[in-house]
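See below for the structure under consideration.
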Amino acid sequence: MSLVTLEEIREAAARIAGVVRRTPVIDVGGFGEPPFAIKCENMQPAGAFKIRGACNMIAQLPAEARAAGVITYSSGNHGQAMALAARTLGIRAVVVMPETAPRIKVDGARRLGAEVLFAGTTVLDRQARAESEASARGLTMVPPFDHPWIIAGQGTCGLEIVEQYPSVSAVYVPMGGGGLVSGTAVAITSLRPAARVIGVEPEGAPKMTASRAAGHPVTLPRSASIADGLLSIRPGDLTFAHVQALVDDVVTVSEEEIAAAIKWLFDHADVVAEPSGAVSVAAVLRDRPNAPGAVAIVSGGNIAPEEYAKYITAQFPQP
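Start counting the sequence shown at 1; every next residue gets the next number (the working numbering).
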């Protein structure tokens, strides 16, 4: 199985320029906390890193596929990103979301022009519905993570980190299906081979942890976490191959640690993060890396105001 290359990521960076933002890397921590930096992907159009991969893939579709339209299955952020990328190019978009998708993400996809359908509560439910709709309507599938064009697009985040923060020694990456950590790992290991890449997932959705222990992708019987964007129950075959080859460590964080990281980012960095986007910071605050140069990717900030208020007042909801 061929891994994505640095050249493919550089080509993606040129392809998505003008739609995707070059988000800031800012120094945080200190004053009793470990000094580290955060890469603010919550500041992307549609509020999450997902626009990178979605834009890279849709921009490469042939004319006949564009004319027919695109479809995806998503817990929310990828669906919004695909909708935005499609709207930018004048393409019809359909998004299949779980019945439990946060209203802010459903409304966001609709606001960006997508038709939103619902299917069950697991990724398998919505994937099956999306594949059925794609077949019936002749739509092109834009998968959330397990595709080389998606991985290359997400890898542009790692490329920017190296350019913006040359002293990077470790990158902590939120991990659902594994697209962001895969692409980031290609960029970091190619350009900063001494730097470590650490994937972070919720304790309630340890699909990559379980897969690494087994030596192959495995499917969890269930997943549950406040980090709704990281609830995949199985990594992709291609993303698993990237993680096995390039990622130094995979760690899990608790619900309490995720909630505390959201509040910490509000209190110490004036950054709004959704639970899925804060898992990387949770790992840094807990593990306190000794070497300077750690960067945590804050992968998204799509959270309803009433839910966010609970986290920053330390009254977070349970999954």
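Where is the CB? At the ideal position from N, CA and C, for every residue including glycine.
Because the structure is a prediction, the values reported are computed rather than measured.
*According to DSSP, what are the bridge partners of G320?*
In this structure the chain extends from 1 to 319, so residue 320 is not present and cannot be described.
*Buried or exposed: A13, going by 16 or more other Cβ atoms within 10 Å of its Cβ?*
buried
*Within 10 angstroms of the Cβ of T313, are there 16 or more other Cβ atoms? Answer buried if so, exposed if not.*
exposed
*Distance, M43 Cα to A227 Cα*: 18 Å
_As a quick exercise: from A37, Q154, E115, A63, pick the residue whose alpha carbon is nearest that of I71._
E115
*If we call anything under 8 Å between Cβ atoms a contact, is M57 one with I150?*
yes
_8 Å contact criterion, which V295 and F36 should meet: CB distance rounded_ = 7 Å
*Could you tell me whether the region 137-151 touches the region 107-122, where touching means 3 or more Cβ pairs closer than 8 Å?*
no
_When R192, Q315, Y311, G301 are compared against G108, the one with the closest alpha-carbon_ = G301
*Cβ atoms of P34 and G76: under 8 Å apart, would you say?*
no
*Excluding five sequence neighbours on each side, which residues of the same chain lie with their C-beta closer than 6 Å to the C-beta of G293?*
S167, V168, S169
*asked:* Please report the distance separating the alpha-carbon of P275 from that of S135.
replied: 34 Å
*DSSP three-state call for K105: helix, strand or coil?*
helix
*Flag this pair as touching only if the region 21-31 and the region 205-214 have three or more C-beta atom pairs under 8 Å; answer yes or no.*
no
*For Y172, does the three-state DSSP call read helix, strand or coil?*
strand
_Which residues DSSP lists as bridging V271, in chain order_ = Bridge partners of V271: none, in fact.
*asked:* Please report the distance separating the alpha-carbon of D249 from that of I198.
replied: 5 Å
*Tell me which same chain residues have a C-beta within less than 6 Å of the C-beta of R92, skipping the five on either side of it?*
G69
_Looking only at its chain, what residues have a beta carbon closer than 6 Å to the beta carbon of P319, apart from the 5 residues adjacent to it on each side?_
Bear in mind that a pLDDT of 49 at P319, under 50, signals an unreliable position, so the number given afterwards is only what the model happens to contain. Closer than 6 Å at the Cβ level, and outside the excluded window around P319, lie A224, S225, I226.
*asked:* As a quick exercise: from L191, R196, A261, P174, pick the residue whose alpha carbon is nearest that of S232.
replied: P174
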